[in-house]
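Residue numbers (my numbering), protein chains in the order written: chain A, 1 to 353; chain B, 354 to 609.
Glycine included, C-beta positions come from ideal geometry on N, C-alpha and C.
Predicted, not measured: the structure shown is a model, and the values here were computed from it.
Here the structure is laid out as structure tokens; the discussion comes afterwards.
Shown next, in the form of structure tokens:
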């Protein structure tokens, strides 16, 4: 339908320019064009802009193609708009904080701080998670309180500790902006709104994947020299029943996206998943994070309370506190110093090269 | 001459296109509009009260113990409205959601058949499907769209069923100014409450739109709530207080 219509519109221009009398043919063409438009039943038909074409995301080897909502399939215009918004402090009340303030490109989209910092130097109560591979997250945040990437966009904008703004006022700013209205039009065939704003940022975020690690080379390219013997030992510990790390940190993204209490505390200041479910059995449970690039995403845990990977490994080796909700998988396993070193080396082999 | 011909053809083409466009809409014929004599418009006339006074923003009120407080925001959701016909059958006003506030009284509910009704019932709050739907999908003027000020918890993707906030006097003797911020944000699925007026009969008469008059009294909502000590709940962080308030909702409504 689309190419046909374009041909007609070109012909009209040509004929109108060349003839003064070919009215009948012109009229037939004109009528055809209108009818073809009418019968398509689509209001949002993209014109000739190649940026409007749905594109395929470039997925790392071994990863499945992510599920993407039908109304927010990736196009270059949408991705570009989302990227511009992601880095633009226009989202925050005083124009100082953007998404990238807590998700730095040079820190694997985390911020390196214990707690994310919002406007007026407000400290949040949780550690900034990476948004690489976020296309696979079935729900967002440490407590899984938000079911889609689109809806997630609202939370930091409205959080008093983060951007402390009103999403409707963000939309007003965008409507009155010199560039954004046209960019929204190009991307979604409509102007800035809560709907298009949240779609655009989510669309960009779904393009952010981890790269290729030495582990991937070893597994997916059968390059047996990609990992050292210590790293292989660490991998066997990680994937075996002694270490048992893989039960939660399994598969391509090194997470099962489940909620677990890992025995970090006897008493949790942050109730985690229970904040959403209000159930006692969910107290102290947090979403299992991906371990890809874990070397670069310190500090660790939902509250950034462990500064180094060595501390994290010690925590799991010791088996954690005896919280009633603690996962049964986490028991003292008393790793030797060599095993700890092997595990650490393996975790660092999950870094993008 | 040429221009005339083009215009004529344009006209024909446009008519043709119009026919096609019309054909694009749903195939089913809309149900024929009943005449005004068999159906009438039904509305809620909601008076949000503080005791015997109409609730309003920015003025001082007194709680049951004479403690000063004021209102900065007061909004609540009414949904799943069901009319009970005289034969006992139920007529749900499907999809109708009201976001009420003290500044507004009339809330149109829809067109209903004339006749006798045994009563009505509704949910204060939202059913779980609506509660956890995507708020960005609604047009800005819809009650379920993101509001300013907000009544959606963006961090847990659910609506605040009733939001009351302002300032309260927290002096022990209750003789100071209303200067401490208080907030009651009650929501999460388990806190929705069925408000039952199924035996409050009314009649919708031909030729007359009908208004159901209701009062919702904040002093009753805060029955047994000590505003000096119980002045904060986001529901998740103070569930007992949220439940206490939700349990007061039925008693806080009365037919006007």
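For this session: Determine the closest residue to residue 541 of chain B out of B:414, B:479, B:530, with distance taken between C-alpha atoms.
Result: In terms of CA proximity to residue 541 of chain B, B:479 leads the group B:414, B:479, B:530.
Exercise. Which runs of the alpha helix (DSSP H) fall wholly inside the region 561-599 of chain B and span at least 4 residues, in chain order?
Worked result: 571-574, all fully within the region 561-599 of chain B.
For this session: Look at the Cβ atom of residue 87 of chain A, then the Cβ atom of residue 101 of chain A, and state whether they are nearer than 7 Å.
Result: No, they are not a contact pair.
Exercise. Taking Cβ positions, are residue 180 of chain A and residue 253 of chain A nearer each other than 7 Å?
Worked result: No, the Cβ-Cβ distance between residue 180 of chain A and residue 253 of chain A is not below 7 Å.
Problem set entry | Bounding residues of the alpha helix (DSSP H) (the contiguous stretch that carries residue 354 of chain A) | Because residue 354 of chain A is not part of the residues shown, which for chain A are 1 to 353, the question remains open.
Exercise. Okay, do the region 261-271 of chain A and the region 282-301 of chain A touch, 3+ Cβ pairs below 8 Å being the bar?
Worked result: Yes: the two stretches touch, three or more of their Cβ pairs being nearer than 8 Å.
Exercise. Quick one: does residue 164 of chain A have its CB under 7 Å from some CB of chain B?
Worked result: So, not an interface residue.
Problem set entry | Cross-chain neighbours of residue 159 of chain A in chain B, by beta carbon under 8 Å | Correct list: 507, 508.
For this session: Give the secondary structure of residue 398 of chain B by DSSP, where H, G and I count as helix, E and B as strand, and everything else as coil.
Result: If DSSP states are grouped into helix, strand and coil, residue 398 of chain B belongs with the strands.
Exercise. Over what stretch of residues does the alpha helix (DSSP H) that includes residue 182 of chain A continue unbroken?
Worked result: Taken as a continuous stretch (DSSP letters only), the alpha helix (DSSP H) holding residue 182 of chain A covers 180-188.
Exercise. Exposed or buried, residue 240 of chain A, counting other C-beta atoms within 10 Å across all chains shown (16 or more means buried)?
Worked result: It is exposed - the Cβ of residue 240 of chain A has fewer than 16 other Cβ atoms within 10 Å.
For this session: Please specify which runs of the alpha helix (DSSP H), each continuous and at least 4 residues long, are wholly inside the region 236-285 of chain A, giving them in chain order.
Result: The qualifying runs are 274-277.
Problem set entry | residue 353 of chain A (DSSP reduced to helix, strand or coil) | Coil, per DSSP.
Problem set entry | residue 559 of chain B (DSSP reduced to helix, strand or coil) | Reduced to three states, the DSSP call for residue 559 of chain B is coil.
For this session: With residue 152 of chain A as the anchor, note down where its alpha helix (DSSP H) starts and where it stops.
Result: According to the DSSP assignment, residue 152 of chain A belongs to the alpha helix (DSSP H) that extends over 149-152.
Problem set entry | Three-state secondary structure assigned by DSSP to residue 130 of chain A | If DSSP states are grouped into helix, strand and coil, residue 130 of chain A belongs with coil.
For this session: Count the C-beta pairs between the region 218-235 of chain A and the region 65-79 of chain A that are closer than 8 Å, then say yes if the count reaches three, no if not.
Result: Pairwise C-beta distances place the region 218-235 of chain A out of contact with the region 65-79 of chain A, as fewer than three of them are shorter than 8 Å.
Exercise. Does residue 154 of chain A get closer than 7 Å to chain B when you measure Cβ to Cβ?
Worked result: The C-beta of residue 154 of chain A comes closer than 7 Å to at least one C-beta of chain B.
Exercise. Which word fits residue 587 of chain B, buried or exposed, when buried means at least 16 other C-beta atoms lie within 10 angstroms of its C-beta?
Worked result: Around the beta carbon of residue 587 of chain B, a 10 Å sphere encloses 16 or more other beta carbons of the protein chains shown; the residue is thus reported as buried.
Problem set entry | First and last residue of the uninterrupted alpha helix (DSSP H) at residue 310 of chain A | Start and end: 309-318.
Exercise. In whole angstroms, what is the alpha-carbon distance linking residue 528 of chain B and residue 580 of chain B?
Worked result: Residue 528 of chain B and residue 580 of chain B: Cα-Cα distance of roughly 14 Å.
Exercise. If you draw a straight line from the alpha carbon of residue 530 of chain B to that of residue 494 of chain B, how long is it in whole angstroms?
Worked result: Just so you know, the alpha carbons of residue 530 of chain B and residue 494 of chain B end up roughly 37 Å apart.
For this session: Express the C-alpha separation of residue 174 of chain A and residue 559 of chain B in angstroms, rounding to a whole number.
Result: Near 49 Å, if we compare the C-alpha coordinates of residue 174 of chain A and residue 559 of chain B.
Exercise. Below 7 Å between beta carbons: does that hold for residue 569 of chain B and residue 606 of chain B?
Worked result: Yes.
Problem set entry | CA-to-CA distance, residue 511 of chain B to residue 460 of chain B, given in whole angstroms | C-alpha separation (whole angstroms): 23 Å.
Exercise. Which whole-angstrom value is the C-beta distance of residue 317 of chain A and residue 335 of chain A, which I expect to be below 8 Å?
Worked result: Sure, about 4 Å apart at Cβ, within 8 Å.
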